[in-house]
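Student: Numbering follows the numbering used here, with no gaps: position 122 of the sequence shown is 122. All C-beta atoms in this analysis are idealised placements derived from N, C-alpha and C, irrespective of residue type, glycine included.
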Amino acid sequence: MSKRTYRDLPEHLDALREKGLLVTVDRQIDKDSELHALVRWQFVGGMKESERKAFLFTNIVDGKGRKYGMPVVVGALAANRAVYSVGMDAPVEKIQDKWDQAIAHPIAPNIVEKAACHDVVITGADLIGEGKGLGILPIPISTPGFDSAPTLTAANVVTKDPDTGISNMGTYRCALKASNRLVVRMATRVGGAGGYRHYVAHQKRGDKEMPCAIVLGAPPMVMFMGPQKLPLDADEVPVAGGLAGGPINMVRAKTVDLMVPAESEIVIEGFIDTQYVEPEAPFGESHGHVALEEYNMPMRITAITHRKNAIVPSYLSQVAPSESSVIKRVAYEPLFLKHLRDELNIKGVKNVSLHEPLTGLLRLTIVTCARDMPDTEIWRALYGAAFFKGDCGKITVAVNDDIDPDNMDAVWWAIAYRSNPILDVKLLERRGQGHGPKREHGTERDSTMLIDATMKSPMPPLALPKQEYMERAKGIWDELGLPTLKPQPPWFGYSLGDWLPEWDAAALRAVKGDWLENGRISEQHKKKGLKPETKFRPDEAGEE
Ligand SMILES: Cc1cc2nc3c(=O)[nH]c(=O)nc-3n(C[C@H](O)[C@H](O)[C@H](O)COP(=O)(O)O)c2cc1C
């Protein structure tokens, strides 16, 4: 057997610990009311993205005070980009390349007979009764006060197309209902869950049930495939192999005809009812609102298998930023850029950014365009980004590369000064509602707004001291022992194209104290009869 080229979840946690990215909490924590709320603080407590960490809880009780043997880890896959990059085994700036490479060069899995995920196999009567079956798993409540059930969030749900035999792996929420029953929610909208297409295919064949395996704690490279959006009928596991640079070990599940990652922590096997649906939720959703109760797919559990010392992963989702928005953002942005740059062949596009805080990637997309791009190419980029994924890009804005897409003040600055709404804003009808709270109240149509906020012609410099002067002043600031500075771009002035060497020379004379010389020069250009505020350009003035 070839050597494994990827980390399993425990090895990944070791790597996080080594890098100081894992907080271990040994104090008793109530998974139902305390656990997610505690980790939430690092997203709403004024901490920087770079300060967030994964949290491992080793001493778990539930709302009844019942103790659990398994630890829970939250934020282990994507508390921030640094955590994600450990899972990807690549520096943050190489993540785009890694996705491009893996999608272009998938590697077929390796089928094994024995697997760690089968260390313990629970079936039959051992699945039934309080504290048994799903009851042995410390699944947290994500939004205490709103959610109606402990819900699996860090799940890779495996199903198979009954016609083609191609497997799908998607991250879908699953609410616990009984020791041997849960309810899975697969998005039914166009472009929704791949698993839902399998469900419909089973229904068409007259099957009363669909085999399903829910994987908790697969190796991170495989877990990253759950939220990733691949083309229809593309199996995720070979792409995970592409990420890993070697085959993923897969094993046949014990009671369903499906393959699961051999090094998974836990696998929940069973059959989804294709006839009956059961109310599920309320559940705090990734669009930032609580999804209200709706009918979803009950699944009867036929086996729970797990490793000897299994760890339960849970994703922090709901209002963005969250672990869910980080894991999706880092996966989706490379797909957008690849689409615009390589498939639509728009060469000047430098970056696509899905806005994260509160909007949760779904509603606002910023496309960064090179300064010399023709407006026709900028508009191709705007249309391309707005419609690449049905539920992203409702508002799509093109900016130049001096604008930080994560700084909304800067984006608004570009919209305010670089766009003329009547020419540079287009409203387009017919956009589906996508993932969002409006679904709760009917299926009304949404629309699209495209904004070209790039510079249409050269502009005067940004009016802050040039970088060298700001840096010199910072030296003095530090010397004076004033409060520590956190430079906020833009923190120095730079040219936006409309600037002349003559003005540079005058500015240099001014900072050297030679302003009288500038006065002598300007006096030579005195003119009679012009209205004040008439422009003067020294390059066009000639000798007088
Ligand atoms: C934490 C988390 C929870 C998610 N929950 C759901 C869900 O309940 N249902 C769903 O259809 N998609 C959900 N998604 C989004 C899907 O994982 C995503 O659309 C993915 O591309 C689906 O894969 P598929 O195309 O193979 O179905 C969730 C994503 C994350 C990160």
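#1: Would the beta-carbon of S314 fall within 7 Å of that of S286?
#2: Three or more C-beta pairs closer than 8 Å, one from the segment 129-139 and one from the segment 299-306: is that the case here?
#3: Got a sec? Which residues, its chain only, sit under 6 Å from G432 by beta carbon, not counting five neighbours each side?
#4: Report yes or no: do three or more beta-carbon pairs, one from the segment 347-355 and one from the segment 105-116, lie closer than 8 Å?
#5: With a CB to CB cut of under 7 Å and the five nearest residues on each side skipped, what residues in its chain are close to L462?
#6: Along the chain, where does the alpha helix (DSSP H) containing G241 start, and where does it finish?
#7: Less than 7 Å separating the beta-carbons of N168 and G195?
#8: If you measure from the CB of Y494, is any heavy atom of ligand 1 nearer than 6 Å?
#9: Which runs of the alpha helix (DSSP H), 4 residues or longer, sit entirely within the segment 299-347?
#10: Would you please state the rounded distance, in angstroms, between the beta carbons of Q101 and G242? I believe it to be under 8 Å.
#11: Taking 6 Å as the cut-off, is the CB of T359 close to at least one heavy atom of ligand 1?
#12: In the DSSP assignment, the alpha helix (DSSP H) including T376 goes from what residue to what residue?
#13: In the structure shown, what three-state DSSP assignment does K486 receive?
#14: So V326 and F336 are in contact, right, with Cβ under 8 Å, and what is the actual spacing, rounded?
#15: Is S148 near ligand 1, going by C-beta to nearest heavy atom under 6 Å?
#16: Helix, strand or coil for K177 per DSSP?
#17: Mark Y172 as exposed unless 16 or more other C-beta atoms lie within 10 angstroms of its C-beta, in which case mark it buried.
#18: Can you tell me the Cα-Cα spacing of H12 and D498, whole angstroms?
#19: Please confirm whether H339 and F388 have their CB atoms less than 7 Å apart.
#20: Using a threshold of 6 Å, is the CB atom of K229 nearer than that to any non-hydrogen atom of ligand 1?
#21: According to DSSP, P437 sits in a beta bridge with which residue or residues?
#22: Please list, in chain order, all residues of the same chain as E130 whose beta carbon is under 8 Å from its beta carbon, the five residues on each side excluded.
#23: With a Cβ-Cβ cutoff of 7 Å, do P219 and Y84 count as a contact?
#24: On the three-state DSSP scale, how would you describe C117?
#25: Closer than 6 Å: is that where the CB of Y68 sits relative to any heavy atom of ligand 1?
#26: Roughly how many angstroms lie between the CA atoms of P555 and N59, to the nearest whole one?
#27: With a cut-off of 8 Å, do at least 3 Cβ pairs link the segment 241-261 to the segment 201-219?
#28: Determine the contact status of R252 and F271, defining contact as a CB-CB distance below 7 Å.
#29: If we count the other Cβ atoms within 10 Å of its Cβ and call it buried at 16 or more, is Y68 buried or exposed?
#30: Just tell me which of D89, D62, F55 and Q96 has its CA closest to the CA of H79.
#31: If you draw a straight line from the alpha carbon of A414 to that of T454, how long is it in whole angstroms?
#32: Taking the alpha-carbon positions, what's the F283 to T164 distance?
#33: Sort out for me which residues DSSP pairs T448 with in a bridge.
#34: Excluding the five sequence neighbours on either side, which residues of its own chain have a C-beta within less than 8 Å of the C-beta of R445, listed in chain order?
#35: Going by the DSSP bridge assignment, what does L182 pair with across the sheet?
Tutor: Taking the coordinates as given:
#1: The residue labelled residue 314 in the question sits at position 314 within the sequence shown. The residue labelled residue 286 in the question sits at position 286 within the sequence shown. Their beta carbons are not under 7 Å apart, which means S314 does not touch S286 by this criterion.
#2: yes
#3: Along the sequence shown, one-based indexing puts residue 432 at 432. For G432, where only same-chain residues beyond five positions count, the Cβ hits under 6 Å are G390.
#4: Flag = no, the segment 347-355 and the segment 105-116 do not touch.
#5: Numbered from its first residue, the sequence shown carries residue 462 at position 462. Cβ within range, chain order: P490, G493, Y494 and L496.
#6: To locate residue 241, count along the sequence shown from 1; it is residue 241. G241 -> alpha helix (DSSP H) spans E236 to A244.
#7: Start at 1 with the first residue of the sequence shown, and residue 168 comes out as number 168. Start at 1 with the first residue of the sequence shown, and residue 195 comes out as number 195. A contact, by the Cβ cut-off of 7 Å.
#8: Indexing the sequence shown from 1 puts residue 494 at position 494. It does not: the Cβ of Y494 is nowhere closer than 6 Å to a heavy atom of ligand 1.
#9: 323-338
#10: By one-based count along the sequence shown, residue 101 stands at place 101. By one-based count along the sequence shown, residue 242 stands at place 242. Confirmed, about 6 Å.
#11: What you label residue 359 is simply residue 359 of the sequence shown in a count that begins at 1. No, the Cβ of T359 stays beyond 6 Å of every heavy atom of ligand 1.
#12: The count along the sequence shown starts at 1 and reaches residue 376 at position 376. From DSSP, the alpha helix (DSSP H) with T376 extends over D375 to F388.
#13: Along the sequence shown, read from residue 1 onward, the residue named residue 486 stands at position 486. K486: coil per DSSP, three-state reduction.
#14: Taking the sequence shown and counting its residues from 1, one reaches residue 326 at position 326. Taking the sequence shown and counting its residues from 1, one reaches residue 336 at position 336. V326 to F336, Cβ: 16 Å. No contact.
#15: To locate residue 148, count along the sequence shown from 1; it is residue 148. Checking the Cβ of S148 against ligand 1 gives no.
#16: The residue you call residue 177 lines up with position 177 of the sequence shown. Of the three classes helix, strand and coil, the one that applies to K177 here is strand, per DSSP.
#17: Start at 1 with the first residue of the sequence shown, and residue 172 comes out as number 172. Y172 should be labelled buried.
#18: Numbered from 1 along the sequence shown, position 12 holds the residue referred to as residue 12. Numbered from 1 along the sequence shown, position 498 holds the residue referred to as residue 498. Near 51 Å, if we compare the C-alpha coordinates of D498 and H12.
#19: Taking the sequence shown and counting its residues from 1, one reaches residue 339 at position 339. Taking the sequence shown and counting its residues from 1, one reaches residue 388 at position 388. A Cβ-Cβ contact shorter than 7 Å links H339 with F388.
#20: Residue 229 sits at position 229 when you count from the first residue of the sequence shown. Answer for K229: yes, Cβ within range of ligand 1.
#21: In the sequence shown, residue 437 corresponds to position 437, counting from 1. None, per the DSSP bridge assignment.
#22: The residue given as residue 130 occupies position 130 in the sequence shown. Taken in chain order, the residues that qualify are S179.
#23: Taking the first residue of the sequence shown as 1, we reach residue 219 at position 219. Taking the first residue of the sequence shown as 1, we reach residue 84 at position 84. No; because the gap between Cβ atoms is not below 7 Å, this pair is not in contact.
#24: Position 117 of the sequence shown, counted from the start, is the residue given in the question as residue 117. If DSSP states are grouped into helix, strand and coil, C117 belongs with the helices.
#25: Residue mapping note: residue 68 aligns to position 68 of the sequence shown, counting from 1. False, no ligand heavy atom lies under 6 Å from that Cβ.
#26: Since the first residue shown for the chain is 1 and the last is 544, residue 555 is missing from the structure and cannot be characterised.
#27: yes
#28: Taking the sequence shown and counting its residues from 1, one reaches residue 252 at position 252. Taking the sequence shown and counting its residues from 1, one reaches residue 271 at position 271. No, the Cβ-Cβ distance between R252 and F271 is not below 7 Å.
#29: The residue you call residue 68 lines up with position 68 of the sequence shown. Y68 is buried by the Cβ-count criterion.
#30: Along the sequence shown, one-based indexing puts residue 79 at 79. For the sequence presented, residue 79 should be read as Ala rather than His. A79 has its Cα closest to that of F55, out of D89, D62, F55 and Q96.
#31: For the purposes of this step, residue 414 is taken as residue 414 along the sequence shown, with counting starting at 1. For the purposes of this step, residue 454 is taken as residue 454 along the sequence shown, with counting starting at 1. Rounded to the nearest angstrom, the two C-alpha atoms are 7 Å apart.
#32: As a first step, residue 283 is located in the sequence shown; it is residue number 283 there, counting from the start. As a first step, residue 164 is located in the sequence shown; it is residue number 164 there, counting from the start. Approximately 33 Å between the Cα atoms of the pair.
#33: For this step, residue 448 is matched to residue 448 along the sequence shown. According to DSSP, which records beta bridges pairwise, T448 is partnered with L428.
#34: Residue numbering aside, residue 445 sits at position 445 when the sequence shown is read from its first letter. Closer than 8 Å at the Cβ level, and outside the excluded window around R445, lie E429, R430, R431, G432 and Q433.
#35: As a working mapping, residue 182 is identified with position 182 in the sequence shown. Looking at the DSSP assignment, L182 forms a beta bridge with L176 and M299.
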